[in-house]
Amino acid sequence: MSEFLQRAEREIQERNLFSRGQKILVAVSGGADSMVLLHTLNSLAQKFRWKISVAHFNHQLRGRASDADEKLVLKTAAALKLPVVVERADVKSFAKKSKLSVEMAARKLRHEFFARVARGQKTSVVALAHHADDQVELFFLRLLRGAGGEGLAGMKWRSPSPADKKIMLVRPLLDLTKTELFGFARENKIQFRDDKTNFSVDFLRNRIRHELLPLLQKNYQPGLLKTVLRLMKIVGAEAEFVGETACQWRGKNCRSRGDEAQIKSGKRKAESGN
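The working numbering puts the first residue of the sequence shown at -2, with every later residue one more than the last.
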């Protein structure tokens, strides 16, 4: 077993991301990250008796390129003998109708699709391919928007789906870097598609990826990735501690009235003569 697979397996076991014999729906776009995730989980499936299935959402934002992504996912799922569900949606029309940005509309429709498929397959987990580089990009994106400690802590290994709180989004590759993912893809001859919109600097996240991070790594901190990831863990632990402490204090010192909380008052001394 490769070092990459060993690390992925270790994180999955230590963090109890999946249980033995569990059904796992893998979200696959056709890009390098999700194709590596699919092959990683499929490589470990026999050992843990997982039942893997694939979900692909075609946003129809890139014309023939989007269709080529879909074809690759279908081809790969067939080669691995895995069930696959594909859905297409006119994201631009939905965005206009709903008065959302294209990015937010795509996210909403995509998560609704994953949740719907998960419910249909009677599974409570959807595996996503977010990795360490995504965490660092998200840190700077939220930093520039003035996020607090919880936001700067980044994505969690497990979090509820925004479309259905009963469905958990699981990120097994969160501590692995983009370089490591590409290395695994190259060594195992994994086919994937490049999304050219990821290289467009019209989007803030892409400018962070292609301009800000390389500048910081070159001129200020060559080990930026590890440094920021360490900082995110510290900030996350502190935010969690503050949150837990606040909840404990509220439980002891507040009474709830509907959606409001009132601080309990002690016995008041009589004003006169005191």
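By construction, the Cβ of each residue, glycine as well, lies at the ideal position given by its N, Cα and C atoms.
TODO: Measure the alpha-carbon distance for Arg174 versus Leu38 and round it to whole angstroms.
DONE: Looking at the sequence itself, residue 174 is Thr, so the reference to Arg does not match. Approximately 17 angstroms between the Cα atoms of the pair.
- [ ] Please confirm whether Ala236 and Gly146 have their CB atoms less than 7 angstroms apart.
- [x] In this structure, the beta-carbon distance from Ala236 to Gly146 falls below 7 angstroms.
Open item on the list: By the DSSP assignment, the beta strand (DSSP E) with Pro157 in it spans what residues?
Closed with: Pro157 -> beta strand (DSSP E) spans Arg155 to Ser158.
Open item on the list: So, for Ser197: in the same chain, excluding its five sequence neighbours on each side, which residues have a beta-carbon less than 7 angstroms away from its beta-carbon?
Closed with: Closer than 7 angstroms at Cβ, skipping near neighbours: Asn203.
Open item on the list: Along the chain, where does the alpha helix (DSSP H) containing Asn203 start, and where does it finish?
Closed with: Taken as a continuous stretch (DSSP letters only), the alpha helix (DSSP H) holding Asn203 covers Leu201 to Arg204.
Open item on the list: Quick test of the definition: if touching needs 3 or more C-beta pairs under 8 angstroms, does the segment 68 to 87 touch the segment 34 to 52?
Closed with: Yes: the two stretches touch, three or more of their Cβ pairs being nearer than 8 angstroms.
Open item on the list: Quick check on the burial criterion: 16 or more other C-beta atoms within 10 angstroms. Buried or exposed for Met327?
Closed with: In the structure displayed, the chain extends from -2 to 271; residue 327 sits before or after that span and is not available.
Open item on the list: Please return the same chain residues whose Cβ sits closer than 7 angstroms to the Cβ of Ile260, not counting the five positions on each side in sequence.
Closed with: Result list for Ile260: Asn250 and Cys251, in chain order.
- [ ] Could you tell me which residues DSSP puts in a beta bridge with Ile21?
- [x] Answer is Ile49.
- [ ] Since I believe Asp192 is in contact with Gly28 (beta carbons under 8 angstroms), could you give me their beta-carbon distance rounded to a whole number of angstroms?
- [x] About 6 angstroms; that satisfies the 8 angstroms criterion.
- [ ] Confirm, please, whether the CB-CB distance from Ala112 to Leu170 is below 7 angstroms.
- [x] Going by beta carbons, Leu170 and Ala112 fall outside the 7 angstroms limit.
TODO: Would you mind reading off the limits of the beta strand (DSSP E) that contains Met152?
DONE: That residue, Met152, is in no beta strand (DSSP E); it is neither H nor E in DSSP.
Open item on the list: Looking only at its chain, what residues have a beta carbon closer than 6 angstroms to the beta carbon of Asp66, apart from the 5 residues adjacent to it on each side?
Closed with: Excluding residues within five positions, the ones whose Cβ falls inside 6 angstroms are Gly27 and Arg190.
TODO: May I have a chain-ordered list of the beta strand (DSSP E) segments no shorter than 3 residues that lie completely inside the segment 204 to 231?
DONE: Within the segment 204 to 231, no complete beta strand (DSSP E) segment of 3 residues or longer occurs.
- [ ] Tell whether a beta-carbon distance below 7 angstroms holds between His108 and Ala160.
- [x] Taking 7 angstroms as the Cβ cut-off, His108 and Ala160 qualify as a contacting pair.
Open item on the list: Restricting to Cα atoms, I'd like to know which of Arg183, Ser50 and Lys93 is closest to Ala124.
Closed with: Comparing Cα positions, the closest option is Ser50.
Task: Counted within 10 angstroms of its Cβ, other Cβ atoms place Trp47 as buried (16 or more) or exposed - done: With 16 or more other Cβ atoms within 10 Å, it is buried.
Task: One or two residues paired with Glu84 in a DSSP bridge - done: For Glu84, which the question treats as bridged, DSSP gives the partners Phe54.
Task: Rounded separation between Ser253 and Arg247 - CA only - done: Their backbone Cα atoms lie some 9 angstroms apart in a straight line.
Task: Cα-Cα separation between Val83 and Arg227, rounded to whole angstroms - done: Note on geometry: alpha-carbon atoms of Val83 and Arg227 lie some 37 angstroms from one another.
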